[in-house]
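One structure below.
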Amino acid sequence: MEILGYAASLLIGISLGLIGGGGSILTVPVLVYLFRQDAAIATFYSLFIVGVTSMVGSVSFFRKGQIDLRTALFFGMPSVITVYLTRLYIFPAVPEEILFVDNWLLSKDMFLMITFAILMVAASYSMIKKCRGEDCDEERPVKNNVVAILAYGAATGLTTGMLGAGGGFIIIPALVSLLGLDIRKAIGTSLFIIAVNSLFGFSVSITQFSIEWALIIKIALLAIAGLFVGMYFSARTDGKKLKPAFGYFVLLMGVYILLKEITDV
């Protein structure tokens with residue numbers, strides 16, 4: 004299983020480099036099902052892996068001038084605050100045994116994986132759906148909906164803090180539709196926000212768990228290697244065509260995890 008896990012670690016980075024997102028949503032399932040980690044610690048490890056990989060990826064975009072630092076600050080502030088509150092107060096407050104009915108136990112690990120599966124299904128929709136009308140226009144005017152931006156930022160922070168997922172499927176559409184960024188700058192800015200959120204969340208929780216540094220560093224290095232592979236092919240392929248295909252893969256994974264956790268098969 005570990006060999007398959009390391010191969011999947013490459014896929015995490017390839018997805019981030021190829022289509023600018025989606026990879027982080029694979030990290031927790033890889034840690035849980037292939038590396039046999041508890042779901043709670045998998046969300047913690049994911050923060051490190053996603054954070055380091057996204058930070059490396061954002062460097063390339065920064066060099067090309069494709070990160071809007073002002074937008075990252077504006078969008079990232081409510082996100083970072085929510086990550087902090089979630090990792091410090093909300094996540095530890097979730098009991099190990101949430102619900103027990105007729106010999107069926109909803110544990111904290113099961114709750115996290117079911118929530119993660121639902122997130123995967125939601126993320127897959129944003130990858131699969133086709134743009135229509137003004138949604139296809141990458142240079143439309145800025146809408147500047149401050150309340151919506153703050154809400155999206157907080158939702159991203161909650162997703163990152165609770166589940167260890169970067170939330171790129173939330174951030175990128177928000178940056179494009181609400182702030183009018185072109186897609187390449189939105190991807191670069193998203194990677195930077197994800198990196199800051201994830202690494203900050205990891206630092207907040209670092210005293211709550213014992214860490215298998217060798218494991219997460221190896222996974223992170225493989226994900227970074229995959230990132231460069233993905234970025235290489237991204238310049239030579241149409242990411243818009245690959246994104247729906249990856250979306251269907253994420254959808255199948257989400258449904259599988261949901262069925263596995265509920266039926267325990």
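Anchor point for the sequence shown: position 211 equals 214 in my numbering, and the numbering is continuous, going up by one each time. Don't be surprised by glycine CBs; every beta carbon is placed ideally from N, CA and C.
Buried versus exposed call for residue i [16 or more other C-beta atoms within 10 Å across all chains shown]
i	result
VAL213	According to the sequence as given, residue 213 is Ser; it is not Val. By the 10 Å Cβ count, SER213 comes out exposed.
LEU184	buried
ILE121	exposed
TYR251	exposed
GLU99	exposed
PHE38	buried
ILE6	exposed
GLY79	buried
MET256	buried
Span separating the alpha-carbon of residue i from that of residue j
i	j	result
LEU63	ALA226	Note that residue 63 is Ser in the sequence shown, not Leu. Approximately 16 Å, taken between the alpha carbons.
MET116	ALA125	14 Å
LEU109	GLU264	10 Å
ILE174	ILE17	19 Å
THR46	LEU202	12 Å
ALA228	ALA217	17 Å
LEU72	VAL253	30 Å
MET234	GLY8	21 Å
ILE70	GLY170	17 Å
PHE66	PHE103	Correcting the residue identity first, residue 66 is Arg in this sequence and not Phe. Roughly 53 Å separates the two Cα atoms.
THR266	TRP107	10 Å
ILE260	PHE236	29 Å
GLY68	GLU215	36 Å
THR240	ILE219	30 Å
MET4	LEU245	27 Å
Residue i versus the options, residue with shortest Cα-Cα distance
i	options	result
LEU91	SER27, PHE205, ILE70	PHE205
PRO247	ALA189, ALA168, LYS132	LYS132
TYR128	PHE249, MET4, ILE260, ILE6	PHE249
SER208	MET256, GLY79, PHE77, LEU88	LEU88
PHE77	LEU245, ILE260, ALA151, PHE51	ALA151
ALA238	LEU72, ARG187, LEU14, GLN40	ARG187
LEU181	ALA154, GLY233, GLY68	ALA154
PHE172	MET130, ILE219, GLY156	MET130
ASN200	ILE219, VAL97, GLY156, TRP107	GLY156
MET165	VAL232, VAL97, ILE219, GLU215	VAL97
ALA10	LYS221, LEU245, ILE260, PHE236	LYS221
Contact set for residue i: own chain, Cβ-Cβ below 7 Å, skip 5 residues either direction
i	result
ALA75	THR192, PHE195, ILE196
ALA189	ILE175, LEU178, VAL179
ILE84	GLY160
ALA158	ILE173
Residues near residue i in its chain [Cβ-Cβ closer than 8 Å; skip 5 each side]
i	result
PRO95	GLN211
VAL258	ALA120, VAL124
THR118	MET165, LEU166
C-beta contact flag for residue i and residue j at 7 Å
i	j	result
GLY20	LEU262	no
VAL59	THR163	no
ALA198	SER61	yes
SER82	VAL53	no
VAL31	SER49	yes
ILE15	LEU29	yes
ALA223	VAL33	no
ASP41	ASP112	yes
PHE114	ILE93	no
Neighbourhood of residue i by C-beta distance below 6 Å, restricted to the same chain and skipping five residues each side
i	result
GLY167	VAL31, THR46, SER49, LEU50
ASN148	LEU181
VAL232	ILE17
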